[in-house]
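Scroll down for the structure; my scribbles are underneath it.
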Amino acid sequence: MEVPRLVRCACAELPPVIGNREMPIPLLRLHDARSQSRPSRGRTKASVSNNAGSDALVLENKKQEVLRMIQDTERGRVATADQRSSLEEALVGLEVCGSPIRLPLLDGTWRLQYTSAPDVLILLQSAASLPSFFQVGQIFQKFECRDQSDGGVVRNIVRWSIPGVLEEQEGATLVVTAKFSVVSPRNIYLQFEEVKIQDLSISEELQALIAPAILPRSYLSLQILQFLCAFKAEIPLRNSGRRSAGGLYYLSYLDDNFLLGRAVEGGGGRAASTP
240 MEVPRLVRCA CAELPPVIGN REMPIPLLRL HDARSQSRPS RGRTKASVSN NAGSDALVLE
300 NKKQEVLRMI QDTERGRVAT ADQRSSLEEA LVGLEVCGSP IRLPLLDGTW RLQYTSAPDV
360 LILLQSAASL PSFFQVGQIF QKFECRDQSD GGVVRNIVRW SIPGVLEEQE GATLVVTAKF
420 SVVSPRNIYL QFEEVKIQDL SISEELQALI APAILPRSYL SLQILQFLCA FKAEIPLRNS
480 GRRSAGGLYY LSYLDDNFLL GRAVEGGGGR AASTP
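In the working numbering, the protein residues as written are 240 to 514.
Here it is as structure tokens:
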């Protein structure tokens, strides 16, 4: 059975630019380099270096193969059953290379590249079915945990728009904020805090309707424009009387430019991300 996944990639800043940070070369255990008859110290170092470089190349090839396979799936929305099956095999092959969560590596902004999570796919499918009424731009996950030892804050960020009302693709931003704690070497627990709509950017058509360019802008029209541009709505997901919703999230692979994870509870899917 396919496990729903999310594939994400790191980006230094929110703009969707693929990062180019170097991959760390994994360390090789010393006994691997001594498996042959006693080489000289110089040859041992060379062997370790060559083998580590070979391991890093194999790992990089696995990551590039995953990115190649998801390239034409529109973040998983149009992936066929055969594509999902092949991707599942490739992702499992990458997961075996995973290591315990390192918060300094997790810290930063990750861009969604592929998902099989039903709730995200419904969002993408809705935008594809009704492009004249609803658009979904880039989707990010921002972890803030650089100076923490056991957790931090994560913000799920969705750029969206209503054509004709807001700017194309990224006319507004939906942010779902949660606190998280590390509960095992590869699992974090999310405690959701609030949902926020912010960063409205109204379209030129709506601006022209509110304050036509051929007429002097009145105080009222300017106030309306300023209100819309500064609009922000916040919905708390927890209060002092009861505990907010939460869930377990499994980070099966993480390095400095590739994150693979899935929700453990509620039938969540896999996700893969890159810078």
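We put the CB at the ideal spot given by N, CA and C, even for glycine.
Query                                                                                                                                                                               : Result
I think residue 350 touches residue 377, with their Cβ atoms under 8 Å apart; what is that distance to the nearest whole Å?                                                         : 6 Å
Counting only runs that start and end within the segment 378 to 465, where is the beta strand (DSSP E) found for 3 or more residues in a row?                                       : 390 to 400, 411 to 423, 426 to 437
Within 8 Å, do at least three Cβ pairs link the segment 422 to 435 to the segment 396 to 405?                                                                                       : no
Exposed or buried, what is residue 471 when buried is set at 16 or more other beta-carbons lying within 10 Å of its beta-carbon?                                                    : exposed
Hey, quick one: how far does the alpha helix (DSSP H) through residue 345 stretch, first residue to last?                                                                           : 342 to 345
Please report how far the alpha carbon of residue 266 lies from the alpha carbon of residue 335, in whole angstroms.                                                                : Interpretation of residue 266 is limited by its pLDDT of 27, a score under 50 that renders its predicted location unreliable; the figure taken from the coordinates is listed afterwards. Distance between the alpha carbons of residue 266 and residue 335: 16 Å.
Counting pairs of beta carbons, one from the segment 441 to 450 and one from the segment 459 to 471, are three or more of them closer than 8 Å?                                     : yes
Can you tell which of 301, 469, 436 has its C-alpha closest to the C-alpha of residue 416?                                                                                          : 436
What do you get for residue 497, buried or exposed, if any count of 16 or more other CB atoms within 10 angstroms of its CB means buried?                                           : buried
Give me, in chain order, the residues of the same chain whose beta-carbon lies closer than 8 Å to that of residue 322; leave out the 5 immediate sequence neighbours on both sides. : 308, 312
Quick one: residues in its chain with C-beta nearer than 6 Å to the C-beta of residue 337, no 5 flanking neighbours on either side, listed in chain order?                          : 491, 492
Have a look at 383, 413, 300 and flag the residue whose alpha-carbon is nearest the alpha-carbon of residue 397.                                                                    : 413
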